[in-house]
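Chains as they are written, first to last, in the working numbering: chain S, 1 to 166; chain G, 167 to 371.
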């Protein structure tokens, strides 16, 4: 690395000199003066190579361990690569099975059963009226208006002279 | 004098084979050659990961993942291109994927907390502390997109030219310049808002 004196004499704005940049990134004493000459030196000073935590040897050892592990895995279980003919055969089999399944489903589909409730609503059972005619001096007879001719006609009779247990 | 003499003596590095030749050897299944390549590139790869991710442990994990991917995909490397360009592309892709997956918006939220008063004293001249600059950079760069941040780091800290960055990212040089311009603008705004003393030092070019 060049000396501080050399750096301060030679450092200029926007320099790309590798030696000067190396000094900029390694010398705290020259950082301030460099930033005064070139403000970009502020962030440029953060550059340079860095050692990973634990050191280069440990890092390289870990990478190589993983590489060897992967090599072993690859050797034990070779990658399953299908040729295009086998891929086409597999695709055709899947397609045929899907179509066959659809056809079977269409043919065996059970008939739709109408729900009983709906039929009961459509054809309500008609019952004869309990009382066809009624005559009384004290009775109040109320006929509920029906919306259509097919509706059941409701007639309410209020008569206080009748026995309670009728 | 001693320093000058040292420069003239071939170092261990200078005897090393070229990256491309090393890759050719690795392609024959030579794990020792791969170990040599990993050793050669570790500090560079780790540094770039660290600056993109702002976290030593994450950077270590991502850097290891990069080398494993490198081992698995070495057959796809085209020797027509510089090996470092290909390696940097892999680093940026893995690191950006990592940022997206960990939802690094947390960093942006934390970045609203201002650092303790920094120690630039006008009367003593500029007393810039590297650790402070690093903290300020981590803070203000949180507003950048992963791509903008990566481009800024490659330009300012890895000393790559715009053309080299474009090759790494597989985009146009004008796109790189555009990202760089926007990154600087956003960082300048953040500095003005939160670190006015640094904004005086660092302004838009």
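Just so you know, even glycine gets a beta-carbon here, dropped at the ideal spot from N, CA and C.
- Taking a cut-off of 8 Å for Cβ pairs, the segment 309 to 320 of chain G and the segment 258 to 266 of chain G touch, as three or more such pairs fall below it.
- Non-local C-beta neighbours of residue 317 of chain G in its own chain, meaning closer than 7 Å and more than five positions away in sequence, comprise 331, 342, 345, 346, 349, ordered along the chain.
- Here residue 25 of chain S really is in contact with residue 47 of chain S; their C-beta atoms are around 6 Å apart, less than 8 Å.
- Out of G/355, G/225, G/306, the CA that lies nearest to the CA of residue 43 of chain S is found in G/306.
- A Cβ-Cβ contact shorter than 8 Å links residue 209 of chain G with residue 56 of chain S.
- Across the set G/219, G/206, G/327, the C-alpha of G/219 shows the shortest separation from the C-alpha of residue 267 of chain G.
- Within the DSSP bridge table, the entry for residue 141 of chain S names S/157 as partners.
- In terms of beta-carbon proximity, residue 47 of chain S lines the interface with chain G, with at least one pair separated by less than 8 Å.
- Nearest to residue 158 of chain S by alpha-carbon distance, out of S/147, S/69, S/139, S/146, is S/139.
- Cβ neighbours of residue 362 of chain G within its own chain (closer than 6 Å, five residues either side excluded): none.
- Nearest neighbour of residue 308 of chain G by Cα position, chosen from G/227, G/237, G/199, G/355, turns out to be G/355.
- The C-alpha of residue 215 of chain G lies about 7 Å from the C-alpha of residue 228 of chain G.
- Chain S has no Cβ within less than 8 Å of the Cβ of residue 252 of chain G.
- Annotation for residue 295 of chain G: no alpha helix (DSSP H) segment contains it, and DSSP assigns it neither H nor E.
- Contact between residue 212 of chain G and residue 235 of chain G is ruled out by a C-beta separation of about 15 Å, above the 8 Å threshold.
- DSSP places residue 134 of chain S outside both helix and strand once states are collapsed to three, so it counts as coil.
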